[in-house]
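Peer 1: Sharing a structure here in structure tokens format.
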Ligand code: PLP
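As structure tokens, this is what we get:
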């Protein structure tokens, strides 16, 4: 009997014993195509020899140095690499152990920035419905998915939420995409004015929404408008690229495709590709300078921040992405995946939307595509899709979500950046079969 408290009690999970490239293997010798990269983590696949060599070499030298005593060559090199691969305006790196930690640090950094500047009255965070920023209390408070928050509400700091940019469900028939984006962005301005422009710390958003809504990209012009509004009121823009960042959408950072730069951002999953737990906050010089010329101290910290093994994994993974030009493959295979999804599901009665960027794609499952009505949550269609996909040797990331009270199901695909054309075909074929089988089982 397992002594582990798994996320789902009695989940009866297969025992993973190995992984190579885009495949994972269980104890019975069954292979699974990792078409979700776990949870959009395994960006260069499993068992990469160059990462293993880098980890062994680092372990031989030094596994851990507390950041209160030392900096390390490996952490410095990772920070240099991340800044060198980022556009102007992203100048410093704060290393932590995962996405929630990165978001917690980002929120506290934003608050302390204003304290350092003598604007301590700024106290509000504004985020969006249908978003996920992590499971620790601060990050959970920022997240906008009520089913995750509901039972913990008494423990959450007050956070304000505005509409997400989710064209499939939010755009009015008479609106162009651009008009829709401007309309929802304007909700941020209205919220800032309602709360008092000098009392707002930051606006927080996933650049491309991940697990809560399924690879939802912003419409053109939305983030430009958001940036404008933040600048108008001196509000910081914090982007959460824990899932959509570090190359997943075809550029190092997803925001590069929006023509804006955030003040603070969070990355994690694809940073270490799953070889070690690692996350990071990246920030602009103006944020750093406020700390440097103020207290000289960011009042935060974790025992394992800047961990040498985690930094070694991060550096090796990022080197591989660059040296093997994997972002070219993300863009090329991303387009192919998109085409194949359209070929397979464009006329499928139960697929309402196909969306995403790069190798970050999703389908939204509906009961009836003509009115976008979702399946009854009691069907637990997302659970069935996962089961049917696993039975076919395919890992995908299905979720049920809620937007404005409407619950939809979606399936997220985030295969490793090394995926090839034949594997893309197999992923879509198995996904189609798994979806049809899930719907047929549900109807019975
Ligand atoms: N932010 C986003 C957008 C995420 O998708 C996640 C995890 O799924 C997190 C934050 C939290 O990251 P972690 O699970 O590493 O704490």
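In the UniProt record's numbering, the protein residues as written are 1 to 444. Positions of the beta carbon are idealized from the N, C-alpha and C atoms, including for glycine. Just so it is clear, the structure is predicted and the values come from calculations on it, not from any experiment.
Taking 8 Å as the cut-off, is the beta-carbon of residue 244 closer than that to any non-hydrogen atom of the ligand PLP?
Peer 2: It does: the Cβ of residue 244 is within 8 Å (strictly closer) of some heavy atom of the ligand PLP.
Peer 1: Along the chain, where does the beta strand (DSSP E) containing residue 283 start, and where does it finish?
Peer 2: Where residue 283 is concerned, the enclosing beta strand (DSSP E) stretches over 279–283.
Peer 1: What do you get for residue 333, buried or exposed, if any count of 16 or more other CB atoms within 10 angstroms of its CB means buried?
Peer 2: By the neighbour-count rule (16 or more Cβ atoms within 10 Å), residue 333 is buried.
Peer 1: Quick one: is the Cβ of residue 133 within less than 8 Å of any heavy atom of the ligand PLP?
Peer 2: Residue 133: yes, Cβ under 8 Å from the ligand PLP.
Peer 1: Count the other C-beta atoms from every protein chain shown that fall within 10 angstroms of the C-beta of residue 13, then say buried if there are 16 or more, exposed otherwise.
Peer 2: The residue in question, residue 13, is exposed, as its Cβ has fewer than 16 Cβ neighbours within 10 Å.
Peer 1: Just list the alpha helix (DSSP H) runs in the region 9–91, keeping only unbroken ones of 4 residues or longer that don't cross its boundaries, in chain order.
Peer 2: Runs found: 37–40, 49–61, 73–84.
Peer 1: Name, in chain order, the residues that DSSP records as bridge partners for residue 373.
Peer 2: The partner list for residue 373 (beta bridge, DSSP) reads 368.
Peer 1: So what does residue 267 bridge to, in DSSP terms?
Peer 2: Answer is 280.
Peer 1: Which residues in the same chain as residue 62 place their Cβ atom closer than 6 Å to its Cβ, once the five residues preceding and following it in sequence are excluded?
Peer 2: Same-chain partners within the cutoff: 308.
Peer 1: Counting pairs of beta carbons, one from the region 116–127 and one from the region 156–166, are three or more of them closer than 8 Å?
Peer 2: Cβ pair count under 8 Å is three or more, so yes.
Peer 1: From residue 22 to residue 275, what distance separates their C-alpha atoms?
Peer 2: Roughly 14 Å between the two C-alpha positions.
Peer 1: Between the region 70–87 and the region 313–326, are three or more C-beta pairs nearer than 8 Å?
Peer 2: Counting Cβ pairs under 8 Å, three or more are found: they touch.
Peer 1: According to DSSP, is residue 353 part of a helix, a strand, or is it coil?
Peer 2: Strand, per DSSP.
Peer 1: What is the residue span of the beta strand (DSSP E) that residue 161 lies within?
Peer 2: Note, residue 161: beta strand (DSSP E), 160–162.
Peer 1: For residue 398, which beta-bridge partners are listed by DSSP?
Peer 2: Paired residues: 411.
Peer 1: Give the single residue among 238, 390, 419, 348 whose Cα lies nearest to the Cα of residue 324.
Peer 2: If we check each option's Cα against that of residue 324, 419 comes out closest.
Peer 1: Residue 320 and residue 326: beta carbons closer than 9 Å?
Peer 2: For residue 320 and residue 326, yes; Cβs fall inside 9 Å.
Peer 1: Considering only the beta carbon of each residue, do residue 269 and residue 246 sit closer than 9 Å?
Peer 2: Taking 9 Å as the Cβ cut-off, residue 269 and residue 246 qualify as a contacting pair.
Peer 1: For a test of your reading of the model: does the CB of residue 36 fall under 8 Å from any non-hydrogen atom of the ligand PLP? Yes or no.
Peer 2: Outside the cutoff, so no.
Peer 1: Quick check: the Cα distance between residue 119 and residue 226, rounded to an integer number of angstroms?
Peer 2: So the two alpha carbons sit approximately 22 Å from each other.
Peer 1: What do you reckon, are the CB atoms on residue 67 and residue 103 nearer than 9 Å?
Peer 2: No, the pair does not count as a contact, with Cβ atoms beyond the cut-off.
Peer 1: Closer than 8 Å to a non-hydrogen atom of the ligand PLP - does that hold for the CB of residue 240?
Peer 2: Yes.
Peer 1: Do you know offhand how far residue 444's Cα is from residue 156's?
Peer 2: In this predicted model, residue 444 has a pLDDT of only 47, less than 50, meaning its place in the structure is not dependable; the value taken from the coordinates is given anyway. Answer to the nearest angstrom: the Cα atoms are 41 Å apart.
Peer 1: First and last residue of the beta strand (DSSP E) that includes residue 240?
Peer 2: From DSSP, the beta strand (DSSP E) with residue 240 extends over 236–240.
Peer 1: For residue 148, I'd like the list of residues in its chain whose CB is within less than 8 Å of its CB, leaving aside the five on either flank, ordered along the chain.
Peer 2: Answer for residue 148: 132, 135, 140, listed in chain order.
Peer 1: Taking just the CA atoms, how far does residue 395 sit from residue 348?
Peer 2: So the two alpha carbons sit approximately 21 Å from each other.
Peer 1: Any idea what DSSP makes of residue 216, helix, strand or coil?
Peer 2: Correct three-state label for residue 216: strand.
Peer 1: Going by the DSSP bridge assignment, what does residue 128 pair with across the sheet?
Peer 2: 162, per the DSSP bridge assignment.
Peer 1: Hey, quick one: how far does the alpha helix (DSSP H) through residue 320 stretch, first residue to last?
Peer 2: Element bounds for residue 320: 308–323.
Peer 1: Pull up the distance between the alpha-carbon of residue 301 and that of residue 355, whole angstroms please.
Peer 2: Their Cα atoms are separated by approximately 37 Å.
Peer 1: Measure the C-alpha to C-alpha separation of residue 430 and residue 35 and round it to an integer number of angstroms.
Peer 2: Approximately 10 Å between the Cα atoms of the pair.
Peer 1: Compute the distance between the beta-carbons of residue 204 and residue 53, then report whether it is under 9 Å.
Peer 2: No, the Cβ-Cβ distance between residue 204 and residue 53 is not below 9 Å.
Peer 1: Pairing CB atoms from the region 213–220 with CB atoms from the region 353–370, are three or more of them under 8 Å?
Peer 2: Taking 8 Å as the limit for Cβ pairs, the verdict is that the region 353–370 does touch the region 213–220.
Peer 1: Let's see if you can read the secondary structure: which residues bound the beta strand (DSSP E) around residue 261?
Peer 2: Here residue 261 belongs to no beta strand (DSSP E), and DSSP marks it neither H nor E.
Peer 1: Is the beta carbon of residue 103 within less than 8 Å of some heavy atom of the ligand PLP?
Peer 2: Yes - the ligand PLP has a heavy atom lying nearer than 8 Å to the Cβ of residue 103.
Peer 1: Can you list, in chain order, the residues of its chain with a C-beta nearer than 6 Å to that of residue 143? Leave out the 5 residues immediately preceding and following it.
Peer 2: Result list for residue 143: 131, 132, 133, in chain order.
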